[in-house]
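*Asks:* Below is one structure. I have some questions about it.
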């Protein structure tokens, strides 16, 4: 099922503060809960999901705090079990109702079910009234608003994402969608050229269909701008994984 936006982005955002992964002995019986949580981070980053689960199951009740619920929710997202992922996110949000990481991922899950209205509300809450510094929150919120045909709010959210850091591939494609809606063909071509120049193997990414759709839109308008004078807000997002 198509169920996520930027899984790589979400994993990276969680692991930015993690220590560099070092090989460890398989004998972890004497490890503290905090050491186990660090191991879970490393296993998730490396795609070692059974090992991550084994460590999560050994975390004591007293250490099942915010970091634990973030890692547990991410594990179920990576597994691709929509039902358990939703349940775990809801349980985590009962304990930490304003956690932007959990809210962001819940929005992704709802988007995967094409529940755009509910997803946008969750992403909006994840922005924490404009205070969230998690760039993926703002990109996801922008794309969700775009699917709801709210171009103004989509632009505002993307602007906030750009203030946090340079846009990753999915952010650039979101901007390209918005620029095409505006009919700014010269800027659209510039963004597309930047994507092609700065992103390795852009055509081999998880957003292959959206990338191709945007490329075709630009070429078609350059060929005959009278026919392609404007775009549906969802024409290329419909080709995306989210």
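Residue numbers (mature numbering (1 follows the signal peptide of the UniProt record, and there is no 0)): -20 to -1, 1 to 222. All residues carry an ideal CB built from backbone N, CA and C; glycine is no exception.
Rounded to the nearest angstrom, what separates residue 168 and residue 74 at their Cα positions?
*Replies:* 43 Å
*Asks:* Do residue 134 and residue 158 have their beta-carbon atoms positioned less than 9 Å apart in this structure?
*Replies:* yes
*Asks:* Using only alpha-carbon positions, find the residue among 70, 97, 39, 146 that is nearest to residue 11.
*Replies:* 39
*Asks:* Give me the residue from 63, 124, 217, 21 with the minimum Cα distance to residue 153.
*Replies:* Measuring from the Cα of residue 153, the nearest candidate turns out to be 217.
*Asks:* Roughly how many angstroms lie between the CA atoms of residue 233 and residue 9, to the nearest whole one?
*Replies:* Here the chain comprises residues numbered -20 to 222, so residue 233 is not present and cannot be evaluated.
*Asks:* Taking residue 105 as the reference, which of 84, 50, 132 has the closest Cα?
*Replies:* With distances taken between Cα atoms, residue 105 lies closest to 84.
*Asks:* What did DSSP end up calling residue 14 once you bin it into helix, strand or coil?
*Replies:* If DSSP states are grouped into helix, strand and coil, residue 14 belongs with the helices.
*Asks:* With a threshold of 9 Å between beta-carbons, can residue 109 be considered close to chain B, or not?
*Replies:* Structure shown: chain B not included; a single protein chain is present.
*Asks:* Look at the Cβ atom of residue 128, then the Cβ atom of residue 96, and state whether they are nearer than 9 Å.
*Replies:* yes
*Asks:* Out of 17, 144, 194, 141, state which residue places its alpha-carbon closest to the alpha-carbon of residue 165.
*Replies:* 194
*Asks:* Suppose you measure from the CA of residue 205 to the CA of residue 31; what does that come to, to the nearest Å?
*Replies:* 54 Å
*Asks:* Please classify residue 18 as buried or exposed, where buried requires at least 16 neighbouring CB atoms within 10 angstroms.
*Replies:* By the 10 Å Cβ count, residue 18 comes out buried.
*Asks:* Quick one: what's got a C-beta closer than 7 Å to residue 115's C-beta in the same chain, skipping five residues either side?
*Replies:* The residues are 141, 144, 145.
*Asks:* Specify the secondary structure class of residue 100 as computed by DSSP and reduced to three states.
*Replies:* helix
*Asks:* When you compare only the Cα positions, how much space is there between residue 136 and residue 13?
*Replies:* 41 Å
*Asks:* Could you give the C-beta distance for residue 36 and residue 51, rounded to a whole number, given that I count them as a contact under 8 Å?
*Replies:* 7 Å
*Asks:* Would you identify the three-state DSSP class for residue 196, choosing helix, strand or coil?
*Replies:* helix
*Asks:* Which ranges does the alpha helix (DSSP H) cover as unbroken runs of at least 4 residues, wholly within the region 120 to 173, from first to last along the chain?
*Replies:* 131 to 144, 149 to 162
*Asks:* Cα separation between residue 82 and residue 45?
*Replies:* 13 Å
*Asks:* What separation, rounded to the nearest whole angstrom, lies between the Cα atoms of residue 78 and residue 190?
*Replies:* Between residue 78 and residue 190, the alpha-carbon positions lie close to 32 Å from each other.
*Asks:* Look at the alpha carbon of residue 55 and the alpha carbon of residue 126, and state the distance between them as a whole number of angstroms.
*Replies:* For residue 55 and residue 126, the distance between alpha carbons rounds to 28 Å.
*Asks:* Please name the residue, chosen from 43, 57, 150, that lies closest to residue 25 on a Cα-to-Cα basis.
*Replies:* 57
*Asks:* Could you tell me if residue 122 is buried or exposed, where buried requires 16 or more neighbouring beta carbons within 10 angstroms of its beta carbon?
*Replies:* buried
*Asks:* Among 76, 197, 92, which has the Cα closest to the Cα of residue 65?
*Replies:* Out of 76, 197, 92, 92 has the C-alpha closest to the C-alpha of residue 65.
*Asks:* Heavy atom of the ligand FMN less than 8 Å from the Cβ of residue 136, yes or no?
*Replies:* For the structure depicted, the ligand FMN is absent and the ligand set is empty, with no information on it obtainable.
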